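In UniProt numbering, the protein residues as written are 1 to 378.
The C-beta atom is built at its ideal place from N, Cα and C for all residues, glycine as well.
If you're wondering where the values come from, they're calculated on a predicted model, not measured in any experiment.
Below is one structure; the comments refer to it alone.
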């Protein structure tokens, strides 16, 4: 057996070149050249396999997996910290991970600290309500709130178990293995079943809010900063007058784009469907296009993308929209949309059926959490 110290020196340049050529062909066939030129992408993939493998067998297996379209899921989505971190409360060596509209997230060993940087509540963001909701709920597929405290600057800090990956980071790595998609969405639908049975609407279901404890799961739903609760939210948001600016970019449900303030839990099911469609595409790609929420025209762009992708709705396909403050039925142009066979050519029939049942204009006709959970046979 060739030792780890000699296998690289015994590997011929011609063998590495052959692997790069095979990788180049695979990348072009799978439409991944958008990552750069196919030659550069192939070279980078081979180099990563060469540097990270401990033996010739592992190197060959890594290259073969990429050629066959089986992605190598990273162990963590975050770079190794360099240099000393900062102190937050009693937590030492805290390193910055991400920033949001009202918070910053840090890691300290086995925990993640969400530091609320905006002292005023910017509805629907409400950190006090978030803490109350997290203290009331408990589910194996929902992130656990470990504790809260105020730091030296008087800022509220929420402490959670650290999770090394998000579904967003896995998606960025390339096509997802079928068993991982199945596992992630089984856990997501279980979490939504628990929330919806208690009348709670998450309102920001998206890949970056699905945390993975390992490359194989389990998956936990996180970030309850904009969640609607049937009792805790009523003072600021009555059930029939909810905030419309919820959800993120391409995962926003159409009812919020046309002024329906009485939306319900099916809002989350639309978002789950768009996310599932993204994961079933090869390579993964958002189903709808949308600019960042802060950019002008982001809502109009998303509406246009939805209509062009799945077809402009009619009074027959979206009867509830006739009562919206801004009905969508007088558009200057009608789009026929595409079939799910066109949009998800690589997905199995059960996967297409599940997406079709979730991405439906009429909210009452979308699959419920239990229907989706028992339907998931990707």
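The region 152-166 in contact with the region 109-123 per 3-pair CB rule at 8 Å: Between the region 152-166 and the region 109-123 there are three or more C-beta pairs closer than 8 Å, enough to call the two in contact.
The region 165-177 contacting the region 124-138, beta-carbon criterion three pairs below 8 Å: Output reads no: the region 124-138 does not touch the region 165-177.
Between which residues of its own chain and residue 117 is the CB-CB distance below 7 Å, once the five residues before and five after are set aside? By one-based count along the chain shown, residue 117 stands at place 117. Correct list, in chain order: 102, 103, 104 and 155.
Residue 182, enclosing alpha helix (DSSP H) - first and last residue: By one-based count along the chain shown, residue 182 stands at place 182. In the DSSP assignment, residue 182 falls within the unbroken alpha helix (DSSP H) covering 178-197.
Touching or not, the region 217-227 and the region 253-262, by the rule of three or more beta carbon pairs under 8 Å? Touching, no, given that fewer than three Cβ pairs across the two stretches are closer than 8 Å.
As assigned by DSSP and simplified to three states, the class of residue 11: Locating residue 11 in the chain shown gives position 11, where the first residue counts as 1. If DSSP states are grouped into helix, strand and coil, residue 11 belongs with coil.
Determine, using beta carbons only, whether residue 381 and residue 206 come nearer to each other than 8 Å. Past the boundaries of the shown model lies residue 381; the chain is included only from 1 to 378, so the question cannot be answered.
With DSSP as the reference, please indicate the residues paired to residue 107 in a beta bridge. Counting from 1 along the chain shown, the entry for residue 107 is found at position 107. DSSP output for residue 107 lists 95 and 112 as bridge partner(s).
Suppose only complete runs of 4+ residues qualify. What are the alpha helix (DSSP H) ranges in the region 212-245, listed by chain order? Counting only runs of 4 or more, we get nothing.
Could you tell me which of 347, 311, 353 and 341 sits nearest to residue 333, measuring between CA atoms? Here residue 333 corresponds to residue number 333 of the chain shown, with the count starting at 1. Relative to the Cα of residue 333, the nearest Cα in the group 347, 311, 353 and 341 belongs to 311.
For residue 301 and residue 184, the rounded distance between their alpha carbons: Here residue 184 is taken as the residue at index 184 of the chain shown, counted from 1. Here residue 301 is taken as the residue at index 301 of the chain shown, counted from 1. Rounded to the nearest angstrom, the two C-alpha atoms are 29 Å apart.
Opposing strand residues paired with residue 86 [DSSP bridges]: Within the chain shown, the letter at position 86 stands for residue 86. Assignment of beta-bridge partners to residue 86 by DSSP yields 94.
Residue range of the beta strand (DSSP E) that residue 307 falls in? Position 307 of the chain shown holds residue 307. Unbroken run through residue 307 is the alpha helix (DSSP H), 298-310; no beta strand (DSSP E).
Helix, strand or coil at residue 32 [DSSP, three-state]: The residue given as residue 32 occupies position 32 in the chain shown. Note that residue 32 scores 44 on pLDDT, short of 50, meaning its location in the model is unreliable; the coordinates nonetheless yield the value given after this. In the three-state reduction of the DSSP assignment, residue 32 falls in the coil class, being assigned neither a helical nor a strand state.
Which residue's Cα is closest to the Cα of residue 204: 157, 153, 271 and 91? Locating residue 204 in the chain shown gives position 204, counting from the first residue. Out of 157, 153, 271 and 91, the CA that lies nearest to the CA of residue 204 is found in 271.
Taking the straight line between their C-alpha atoms, what separation do you get for residue 32 and residue 62? If you number the chain shown from 1, residue 32 lands on position 32. If you number the chain shown from 1, residue 62 lands on position 62. A caution first: residue 32 carries a pLDDT of 44, below 50, which makes its placement in the model unreliable, though a value can still be read off. Rounded to the nearest angstrom, the two C-alpha atoms are 17 Å apart.
Does the beta-carbon distance from residue 384 to residue 320 come in below 8 Å? Since the first residue of the chain shown is 1 and the last is 378, residue 384 is not available in this structure.
Sort out for me which residues DSSP pairs residue 170 with in a bridge. Mapped onto the chain shown, residue 170 falls at position 170. The partner list for residue 170 (beta bridge, DSSP) is empty, contrary to what the question assumes.
Below-8 Å beta-carbon distance, residue 242 vs any chain D residue: Protein chain content of the structure displayed is limited to a single chain, and chain D is not contained in it.
When the Cα atoms are used, what is the spatial distance from residue 50 to residue 6? Here residue 50 refers to the residue found at position 50 when the chain shown is read from its first residue. Here residue 6 refers to the residue found at position 6 when the chain shown is read from its first residue. For residue 50 and residue 6, the distance between alpha carbons rounds to 13 Å.
Could you check which residue in 55, 53, 199 and 285 has the C-alpha nearest to that of residue 346? Here residue 346 refers to the residue found at position 346 of the chain shown. Sorting 55, 53, 199 and 285 by C-alpha distance to the C-alpha of residue 346 places 285 at the top.
What residue from 352, 9 and 198 has the CA that sits closest to residue 280's CA? For the purposes of this step, residue 280 is taken as residue 280 along the chain shown, with counting starting at 1. Closest option to residue 280, Cα to Cα, is 352.
Residue 12 to residue 55, Cα distance in whole Å? The residue labelled residue 12 in the question sits at position 12 within the chain shown. The residue labelled residue 55 in the question sits at position 55 within the chain shown. Whole-angstrom Cα-Cα distance: 14 Å.
Look at residue 192 and residue 268 and say whether their C-beta atoms are less than 8 Å apart. For this step, residue 192 is matched to residue 192 along the chain shown. For this step, residue 268 is matched to residue 268 along the chain shown. With respect to the 8 Å criterion, residue 192 and residue 268 are classified as neighbours on the basis of their beta carbons.
Taking buried to mean at least 16 other C-beta atoms within 10 Å of its own C-beta, is residue 115 buried or exposed? Translated into the one-based positions of the chain shown, residue 115 becomes position 115. Answer is buried; the Cβ neighbour count reaches 16.
Count the other C-beta atoms from every protein chain shown that fall within 10 angstroms of the C-beta of residue 242, then say buried if there are 16 or more, exposed otherwise. Taking the chain shown and counting its residues from 1, the one referred to as residue 242 is at position 242. By the Cβ neighbour-count rule, residue 242 is buried, with 16 or more other Cβ atoms within 10 Å of its own.
Beta-carbon within less than 6 Å of residue 355's beta-carbon, same chain only, minus the 5 sequence neighbours each way: which residues are those? Here residue 355 refers to the residue found at position 355 when the chain shown is read from its first residue. Excluding residues within five positions, the ones whose Cβ falls inside 6 Å are 273, 276 and 277.
How big is the Cα-Cα spacing for residue 227 and residue 124? As a working note, residue 227 is residue 227 in the chain shown. As a working note, residue 124 is residue 124 in the chain shown. Taking C-alpha positions only, residue 227 is separated from residue 124 by approximately 8 Å.
Apart from the five residues on each side of it in sequence, which residues of its chain come closer than 6 Å, Cβ to Cβ, to residue 369? Here residue 369 refers to the residue found at position 369 when the chain shown is read from its first residue. Close CB contacts of residue 369 within its chain, under the 6 Å cut and outside five residues either way in sequence, are with 189, 192, 193 and 196 (chain order).
Other residues of its chain near residue 229: CB distance less than 6 Å, five sequence neighbours each side excluded: Your numbering for residue 229 matches position 229 in the chain shown. For residue 229, where only same-chain residues beyond five positions count, the Cβ hits under 6 Å are 133 and 200.
Outcome for residue 366 when other beta-carbon atoms lying within 10 angstroms are tallied against a minimum of 16: Indexing the chain shown from 1 puts residue 366 at position 366. Buried is the call here.
Kindly give me the distance between the Cβ atoms of residue 144 and residue 225, rounded to whole angstroms, as I take these residues to be in contact under 8 Å. Within the chain shown, residue 144 is the residue found at index 144, counting from 1. Within the chain shown, residue 225 is the residue found at index 225, counting from 1. In this structure residue 144 does not touch residue 225 by the C-beta definition: roughly 16 Å separates them, more than the 8 Å allowed.
With residue 355 as the anchor, note down where its alpha helix (DSSP H) starts and where it stops. In the chain shown, the residue the question calls residue 355 occupies position 355. According to the DSSP assignment, residue 355 belongs to the alpha helix (DSSP H) that extends over 349-358.
DSSP-derived helix/strand/coil call for residue 147: Counted from its first residue, the chain shown places residue 147 at position 147. Strand, per DSSP.
Counting C-beta neighbours from all protein chains within 10 Å, is the total for residue 303 16 or more, i.e. buried, or is it exposed? Looking up residue 303 in the chain shown gives position 303. Result: buried.
Beta-carbon within less than 6 Å of residue 291's beta-carbon, same chain only, minus the 5 sequence neighbours each way: which residues are those? Your numbering for residue 291 matches position 291 in the chain shown. Excluding positions up to five away in sequence, the list reads 298 and 301.
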